[in-house]
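Heads up: the sequence shown begins at 1 in the UniProt record's numbering, then just goes up one per residue.
Worksheet: the structure to be examined is printed underneath.
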Amino acid sequence: MRDGKEGCVRLLFRVTIFLDSFVDELKESNVPIPDGSPTAVRLFALESKLKAIKTDAKRWSELGPLDRYLKREEIKTGLL
């Protein structure tokens, strides 16, 4: 990874595409999602993971060039 900012932008782009397609699917299904249902539980898990990714991306973007280089495997793994 050349730059933490570049990786964060790439990550956000991928997440946005995924969420857009996910929202389109939910709209087309037109089925309510009751609290506590398996779908609601999975959506909550997804939201938690996205928050963790956001936190990691913010932390990675604040790293200096040497630290980004030293943590490149962690960053690459987090972006995939």
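Beta carbons are placed, not taken as given, at the ideal position from N, Cα and C, and that holds for glycine.
Keep in mind the model is a prediction, meaning the values are calculated, not measured.
Cβ pair residue i, residue j closer than 7 Å
i   : j   : result
C8  : S61 : yes
L11 : A57 : yes
Candidates the options: closest to residue i by CA position
i   : options            : result
L19 : T39, L50, S29, P34 : L50
F13 : K54, L63, Y69      : K54
heavy atom of the ligand MN below 6 Å from residue i C-beta
i   : result
L26 : Among the components of this structure there are no ligands whatsoever, and the ligand MN is therefore not found.
Residue i - DSSP class collapsed to helix/strand/coil
i   : result
I53 : helix
V23 : helix
P32 : coil
L11 : helix
K58 : helix
L63 : coil
R68 : helix
Cβ separation of residue i and residue j, assumed to be a contact under 8 Å, to the nearest whole Å
i   : j   : result
A40 : P34 : 7 Å
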